[in-house]
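For reference, the structure discussed in these notes is given below.
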Amino acid sequence: MKENPESSESTSQSASESWTVRRILDWTTAHLTKHGSDSPRLDAEVLLAFARNCERIRLYTNYEDEVTEAQRTLMRELVQRRAKSEPVAYLVGKREFFGLDFLVDRNVLVPRPDTETLVMELVDEAQKIASPFILDLCTGSGCIAIATAAHYSKASFLATDISPAALAIATKNAETNRVSDKIRFLQSDCFAGIPADTAFDMIVSNPPYIPDAEIELLEADVRQHEPRLALSGGVDGLDFYRRIIQEAPAYLKEAGTLMLEFSPEQEPALKALFEASGKYTDVRVKADLAGRARVIIGRKLPILK
Ligand code: GLN
27 MKENPESSES TSQSASESWT VRRILDWTTA HLTKHGSDSP RLDAEVLLAF ARNCERIRLY
87 TNYEDEVTEA QRTLMRELVQ RRAKSEPVAY LVGKREFFGL DFLVDRNVLV PRPDTETLVM
147 ELVDEAQKIA SPFILDLCTG SGCIAIATAA HYSKASFLAT DISPAALAIA TKNAETNRVS
207 DKIRFLQSDC FAGIPADTAF DMIVSNPPYI PDAEIELLEA DVRQHEPRLA LSGGVDGLDF
267 YRRIIQEAPA YLKEAGTLML EFSPEQEPAL KALFEASGKY TDVRVKADLA GRARVIIGRK
327 LPILK
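Residue numbering for the sequence shown follows the working numbering, beginning at 27 and increasing consecutively.
In structure tokens form, the structure reads like this:
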């Protein structure tokens with residue numbers, strides 16, 4: 027009798043035993059462990075809560091409930107896809123970031139906890155300005171601009187991405203998080219589509235930064251399912267940083283701030299790019315919650331007349 031989520035061979039429990047929440051969670055956790063998930067229990071809980079259309083906590087308050095046939099069918103499909111390393115966020119269509127819910131699909135990078143460091147720093151800096159106008163380049167899901175707008179209502183944004191599909195997701199996220207009136211979205215390859223006379227108080231970005239040769243070495247979740255466009259930073263991973271650091275001053279107000287997220291090992295290269303441009307002062311690096319260098323911030327040097 028093929029009653030369990032995938033096949034009946036991997037359990038010694040009798041096939042007649044009913045498929046309770048507890049049993050499905052245990053079975054799924056074991057199955058996803060075998061298939062290489064590094065958070066199998068959490069994955070199982072998030073997927074089953076989605077299949078049952080309930081909050082995760084409800085799984086535990088209804089631990090011995092039998093799961094309906096329809097829910098088991100959906101769960102079986104989700105678990106099969108997760109076992110092929112599809113990210114949980116894509117399977118359930120959303121991800122929590124900075125205390126807010128974001129819709130995600132395969133057109134956008136899944137928002138990472140690392141990026142919360144950038145948002146914290148951005149909110150801090152933005153609050154020093156009465157009504158800051160901020161540019162978010164490579165906005166993807168819109169998580170940076172939206173989380174910042176939700177926490178500092180006096181900030182307004184222009185958020186750009188080269189991908190129209192990403193902008194469609196970001197626009198929806200701004201709506202569901204009630205900050206649509208604070209953010210204008212624009213399709214643009216970095217600064218290419220931004221009118222030359224626009225001046226921002228701050229420019230921020232978490233651009234694609236994986237060196238080409240390293241993409242094939244990434245874990246399967248990322249490599250097989252997340253958009254290449256959101257990952258690929260050119261031969262050395264620094265293509266976007268070079269462009270942004272070079273071009274940002276032309277779009278920054280006097281003493282405006284440029285703030286970029288990067289991968290910890292890129293710290294020396296990022297510092298060198300700021301230094302070599304000769305266009306910034308007060309350059310500093312901020313570490314993430316794990317103590318790794320994660321965000322670089324520079325202030326535009328006054329233009330000497
Ligand atoms: N800015 C978005 C994020 O931080 C997208 C980043 C990207 O696509 N590289 O998640």
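Glycine residues also receive a C-beta, built at the ideal position from the N, C-alpha and C atoms.
At a threshold of 7 Å, residue 164 counts as near the ligand GLN, since its beta carbon sits closer than that to one of the ligand's heavy atoms. Close CB contacts of residue 309 within its chain, under the 6 Å cut and outside five residues either way in sequence, are with 300 and 324 (chain order). The three-state secondary structure of residue 144, taken from DSSP, is helix. Sorting 89, 56, 76 and 60 by C-alpha distance to the C-alpha of residue 47 places 89 at the top. Residue 63 counts as buried, since at least 16 other C-beta atoms from the protein chains shown sit within 10 angstroms of its C-beta. Sequence-distant partners of residue 260 (beyond 5 residues in either direction) whose C-beta falls short of 7 Å from its own C-beta, in its chain, are 238. For residue 202, the uninterrupted alpha helix (DSSP H) run begins and ends at 190 to 202, by DSSP.
Straight-line spacing of the CA atoms in residue 271 and residue 142 works out to 22 Å. Checking the 7 Å criterion, the Cβ of residue 135 is within range of a heavy atom belonging to the ligand GLN. The beta carbons of residue 133 and residue 214 sit no closer together than 8 Å. In this structure, 231 is the residue among 86, 231, 51 and 118 with its C-alpha nearest to the C-alpha of residue 147. Assigned with DSSP and collapsed to three states, residue 47 falls in helix.
By the criterion of a C-beta distance shorter than 6 Å, residue 216 is surrounded in its chain by 163 and 269, once the five residues flanking it on both sides are discounted. For residue 163, the secondary structure class from DSSP, reduced to helix, strand or coil, is strand. With fewer than 16 other beta carbons inside 10 angstroms of its own, residue 125 counts as exposed. Between residue 277 and residue 202, the CB-CB gap reaches or exceeds 8 Å. DSSP places residue 261 outside any beta strand (DSSP E), giving it a letter other than H or E. Distance from the CA of residue 70 to the CA of residue 44, rounded to the nearest whole angstrom, comes to 18 Å.
Using a Cβ distance threshold of 8 Å, residue 322 and residue 311 count as a contacting pair. When the Cα atoms are used, residue 128 and residue 100 turn out to be separated by approximately 22 Å.
Rounded to whole angstroms, the gap between the alpha carbons of residue 103 and residue 76 is 12 Å.
One Cα belongs to residue 58, the other to residue 109, and the distance between them is close to 6 Å. Under the DSSP definition of a beta bridge, residue 287 partners with 321. The Cβ-Cβ distance between residue 227 and residue 172 does not fall below 8 Å.
Checking the DSSP bridge columns, you'll see residue 307 partnered with 325. Cα atoms of residue 150 and residue 85: separation of roughly 38 Å, rounded to the nearest angstrom. In terms of Cβ geometry, residue 153 and residue 116 do not form a close pair [threshold 8 Å].
Membership of residue 187 in the beta strand (DSSP E) is indicated by the continuous run 182 to 187. In this structure, the ligand GLN has a non-hydrogen atom nearer than 7 Å to the beta-carbon of residue 256. As the crow flies, the alpha-carbon of residue 42 is around 15 Å from that of residue 98.
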